[in-house]
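Each residue of the sequence shown is one higher than the last, beginning at 0 in numbering that gives the first Met the number 0. Backbone N, C-alpha and C define an ideal beta-carbon position, used for all residues, glycine too. Report on one structure; see the data block that follows.
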Amino acid sequence: MRLDVDRLTTVIEDFTTIFIRLPSVRRFNFSTLSVLHTLARGGPMRLTDLLRTEQLKQPALTSLVAKLEQDGLVRRRPDPADGRAMLLSLTREGRQIVGSRHAHRVERLTHLIDQLTDDERAALAGATSVLTRLTEIAADDA
0 MRLDVDRLTT VIEDFTTIFI RLPSVRRFNF STLSVLHTLA RGGPMRLTDL LRTEQLKQPA
60 LTSLVAKLEQ DGLVRRRPDP ADGRAMLLSL TREGRQIVGS RHAHRVERLT HLIDQLTDDE
120 RAALAGATSV LTRLTEIAAD DA
């Protein structure tokens, strides 16, 4: 079986579109959610490290982080490795937002998966490890 990378790309884009646009109690733009999810997955990090993952210029990211801090979603603390630098991390409320969105995605995906055949669920289970590996490769390439 030959892999149609163009079709795979389109399917991933369509699938991502469905799950990135979840309704929520509070409205956040894509950049805000991306920063929250990056900090949730990567743990505390410096602004310069966050710049590598986000598609924002430093002034825009600095402003966004200041707003997130003002809103009680992100906190700054001195970097123990370098007291001149600051580490950004999520507050409890920031973690709750990320956790709530994840739980909603799990619920939504479970509902969709329940409609698949046993063979389709088995294929999806196999694809999960392959997609995980692709994600690891992409992170190493960054």
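Between the Cα of residue i and those of the options, spot the shortest distance and give me the residue it belongs to.
i: Q69; options: P77, T90, D78 and G82; result: T90
i: I19; options: H103, D117, R120 and D139; result: H103
i: D78; options: S88, G71 and L72; result: S88
i: A137; options: D118, T52 and E106; result: T52
Taking all protein chains shown into account, do 16 or more other C-beta atoms lie within 10 angstroms of the C-beta of residue i, making it buried, or fewer, making it exposed?
i: R143; result: For residue 143 there is no data in the structure shown, the boundaries of the chain being 0 and 141.
i: L111; result: exposed
i: G93; result: buried
i: I96; result: buried
i: R100; result: buried
i: L130; result: exposed
i: L38; result: buried
i: L7; result: exposed
With residue i and residue j assumed to form a contact (beta carbons below 8 Å), what rounded beta-carbon distance in angstroms separates them?
i: L35; j: L72; result: 7 Å
i: L115; j: L123; result: 7 Å
Could you tell me if the beta carbon of residue i falls within a distance shorter than 7 Å of some heavy atom in the ligand SAM?
i: T37; result: The ligand SAM is not among the ligands present in this structure, which contains no ligands whatsoever.
Quick test of the definition: if touching needs 3 or more C-beta pairs under 8 Å, does the stretch 31-44 touch the stretch 65-79? Counting Cβ pairs under 8 Å, three or more are found: they touch.
Spell out a yes or no on whether the stretch 43-57 and the stretch 82-89 are touching, meaning 3 or more CB-CB pairs, one atom from each, closer than 8 Å. Remark: three or more beta-carbon pairs, one from each stretch, lie closer than 8 Å, so the stretch 43-57 and the stretch 82-89 are flagged as touching.
Tell me the start and end of each unbroken beta strand (DSSP E) in the stretch 18-78 that is at least 3 residues and wholly inside, in chain order. 73-78
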